[in-house]
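**Q** If you scroll down you'll find the structure; I have some questions about it.
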Amino acid sequence: MPIILSTLVTNEGSLPPFVSLHDASVNDQKKKEIESLLESAIALQQKNEFVQAIDRYQQIIAVDSGWAIAQFHLGKCYEQIGKYDSAFIALCKARDFDGLRFRASGEVNTILRRIASSNKLSIADVESTFRVHSPNKIIGSSLLWEHVHPTFTGYVLLAKSWLEGLKTSSAFTVEDKKLSQQFIPDSLLVEKLKITSLDLEIGVMTMNGLLRRWPFTNDPYEEAIPKNNIQQVAQKFVKGKLRWSEAHYEMAEAYLNEKDIFNALNEYESVIAMAPMDPLPFILKGDLLSAVQEYEEAEKTYFQSLSLQENSVTRLKLGINYLKGQLYDKAIEQFSQAISGANGSKIPLSSTQVDDAQFYSAVALFKSGKIDEAEIVLNELLQQNSNNERAIRLSQEIQSLSRLKK
Numbered sequence: 000m001p002i003i004l005s006t007l008v009t010n011e012g013s014l015p016p017f018v019s020l021h022d023a024s025v026n027d028q029k030k031k032e033i034e035s036l037l038e039s040a041i042a043l044q045q046k047n048e049f050v051q052a053i054d055r056y057q058q059i060i061a062v063d064s065g066w067a068i069a070q071f072h073l074g075k076c077y078e079q080i081g082k083y084d085s086a087f088i089a090l091c092k093a094r095d096f097d098g099l100r101f102r103a104s105g106e107v108n109t110i111l112r113r114i115a116s117s118n119k120l121s122i123a124d125v126e127s128t129f130r131v132h133s134p135n136k137i138i139g140s141s142l143l144w145e146h147v148h149p150t151f152t153g154y155v156l157l158a159k160s161w162l163e164g165l166k167t168s169s170a171f172t173v174e175d176k177k178l179s180q181q182f183i184p185d186s187l188l189v190e191k192l193k194i195t196s197l198d199l200e201i202g203v204m205t206m207n208g209l210l211r212r213w214p215f216t217n218d219p220y221e222e223a224i225p226k227n228n229i230q231q232v233a234q235k236f237v238k239g240k241l242r243w244s245e246a247h248y249e250m251a252e253a254y255l256n257e258k259d260i261f262n263a264l265n266e267y268e269s270v271i272a273m274a275p276m277d278p279l280p281f282i283l284k285g286d287l288l289s290a291v292q293e294y295e296e297a298e299k300t301y302f303q304s305l306s307l308q309e310n311s312v313t314r315l316k317l318g319i320n321y322l323k324g325q326l327y328d329k330a331i332e333q334f335s336q337a338i339s340g341a342n343g344s345k346i347p348l349s350s351t352q353v354d355d356a357q358f359y360s361a362v363a364l365f366k367s368g369k370i371d372e373a374e375i376v377l378n379e380l381l382q383q384n385s386n387n388e389r390a391i392r393l394s395q396e397i398q399s400l401s402r403l404k405k
């Protein structure tokens, strides 16, 4: 099994240190002096007097170079005046001197690269990839939510970085490496993931919840009021009131209520992408395709579901789809299989569904010109329920046509 190492990414650009500790050599008097200097430096920084603020921060660091908050503000001031190399150095020091060690220090990646080199191991250099895609090569909130968790764009870069690491390892065959050289736009790769707006909103809500508690803030948490259907469903998921697939099904229903067929289909396809062995999302997708008269696509989707689990209800749905598409012989076959459970369905039809299958079978027989057979099915149906109004109407229609022919 090939070993592939990966460098780490941390937010040094937009996240102040959680805890700033004074050096043990700094006495109480010096602490008061540099803390007073810090207040005045921040005041200058807030007035956009960055050069003067930098001078104050440098005075502080001359006394206590490991005081993380001073290094952070110094780096932000350097950013503002375009001294990005100096900003990078100061911001990385602020991260490395943070008293709450939630972020890996820079030396960790140095060690990882050295181990990979000395042992001839493949390494996915995620840090370098993130720097290339960050403003001025300083990793911050454009790719990370907080200290370490990537945004969606960050995860795309993470995946691509790991792919590059795999390319240099024995995990990839020669053919794999050839295929991996093909250029595929990020937009197409993301589209294949079937990520929906609901998924992105769930990510936003989850991370906002994280950022509203320690160590990011001590303020009391106030739950946001959902502004739209997406936020409403996402909030239910985040609170644990819905499973992930259930959230997508509820979102699809919300889209259908708005006659938004495209996005409703995307919700079902999102579940299919994550749970390709679950027959239910295929059934729901097939129902929607049939409802919008995409009969051939509905047929394919129902068969995908049946390939995963034989189901008499799905056979009934497939038969109705054929009936609507005027493929009467195929419809009759599916209704027969639905009623008999001939394919070993573990989910039999309910009595109401059996009535449906018999009635639609009679309709298909009638439409295909098999009048006598249609009458036999209707008679059986009416024997079971003499008050079945639709069966009575169809029987009367058949009898009227028979009299006209005579």
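Number 133 in numbering that gives the first Met the number 0 belongs to position 134 of the sequence shown; there are no gaps in the numbering. Ideal Cβ placement from N, Cα and C applies to all residues, glycine included. Note that this is a predicted model, so its numbers are computed, not measured.
1) Enumerate in chain order the residues of its own chain whose CB-to-CB distance from M36 is below 7 Å, with the five nearest sequence positions on each side excluded.
2) Who are the Cβ neighbours of S141 in its own chain at under 7 Å, not counting the five residues just before and after it?
3) Where does R94 land, buried or exposed, given buried means 16+ other C-beta within 10 angstroms?
4) Is it true that the CB of V353 sits closer than 8 Å to the CB of I375?
5) Please name the residue or residues paired with L143 in a DSSP beta bridge.
6) Counting only runs of 4+ residues fully inside the region 207-287, write out the alpha helix (DSSP H) ranges in chain order.
7) Go through its chain and collect everything with a Cβ distance to V270's Cβ below 6 Å, but skip five positions before and after it.
8) Note down the Cα distance separating V147 from A103, rounded to an integer number of angstroms.
9) Quick one: complete alpha helix (DSSP H) runs, 4+ long, within the region 328-404?
10) Using the Cα positions of K311 and F358, report the straight-line distance between them to the nearest angstrom.
11) At a threshold of 7 Å, does G368 count as lining the ligand NAD (C-beta to nearest heavy atom)?
12) Can you tell me where the beta strand (DSSP E) with S121 in it begins and where it stops?
13) Which residue or residues does DSSP assign as beta-bridge partners of L99?
14) Inspect the CB distances between the region 180-192 and the region 207-225 and report whether three or more fall short of 8 Å.
15) Check whether the Cβ atoms of F215 and F101 sit closer than 8 Å, and answer yes or no.
16) According to DSSP, is I33 helix, strand or coil?
17) With DSSP run on the structure shown, which of helix, strand or coil describes L4?
18) Go through its chain and collect everything with a Cβ distance to E396's Cβ below 7 Å, but skip five positions before and after it.
19) Put E293 into one of helix, strand or coil per three-state DSSP.
20) What separation, rounded to the nearest whole angstrom, lies between the Cα atoms of D371 and F365?
21) Only counting the same chain, and skipping five residues up and downstream in sequence, which positions put a Cβ closer than 8 Å to that of P347?
22) Using only the alpha-carbon positions, how far apart do W66 and S24 sit?
23) By the 10 Å Cβ neighbour count, where 16 or more other Cβ atoms means buried, how is D63 classified, buried or exposed?
24) From G98 to C91, what does the alpha carbon distance come to, in whole angstroms?
25) In the region 54-109, which residue ranges form an unbroken alpha helix (DSSP H) of at least 4 residues, counting only runs that do not cross its ends?
26) Per DSSP, what kind of secondary structure is S24 in: helix, strand or coil?
27) Look at L7 and N108 and say whether their C-beta atoms are less than 8 Å apart.
28) For T152, count the other beta carbons within 10 Å of its own beta carbon; 16 or more makes it buried, fewer makes it exposed. Which is it?
29) Taking the straight line between their C-alpha atoms, what separation do you get for A158 and L43?
30) Are the beta-carbon atoms belonging to G318 and F334 less than 8 Å from one another?
31) Leaving out five residues on either side along the sequence, give the residues of the same chain with a beta carbon under 7 Å from the beta carbon of V362.
32) Taking the alpha carbon of S360 as the point to measure from, which residue in E293, L326, T172 has its own alpha carbon closest?
33) Leaving aside the five residues before and after I201 along the sequence, list all residues of the same chain whose C-beta is less than 6 Å from its C-beta, in chain order.
34) Can you name the start and end residues of the alpha helix (DSSP H) that S186 belongs to?
35) Run through DSSP, which three-state label would T313 get?
36) Taking C-alpha atoms, which residue in N386, L315, R113, G368 lies nearest to D355?
**A** From the atom records:
1) Reading off the sequence shown, one finds Leu at residue 36, where the question assumed Met. Once the five neighbours on either side are set aside, the close Cβ partners of L36 are R55, Q58, I59.
2) S133, P134
3) buried
4) no
5) P149
6) 228-237, 243-256, 260-273
7) S244, H247, P280
8) 9 Å
9) 350-366, 370-383, 388-404
10) Looking at the sequence itself, residue 311 is Ser, so the reference to Lys does not match. Those two C-alpha atoms are separated by around 16 Å.
11) Ligands in the displayed structure: none, and consequently the ligand NAD is not present.
12) 121-123
13) The partner list for L99 (beta bridge, DSSP) is empty, contrary to what the question assumes.
14) no
15) no
16) helix
17) strand
18) none
19) coil
20) 8 Å
21) S311, G340
22) 12 Å
23) buried
24) 14 Å
25) 67-79, 83-95
26) coil
27) yes
28) exposed
29) 42 Å
30) yes
31) L322, L393
32) L326
33) A233, F236
34) 185-192
35) helix
36) L315
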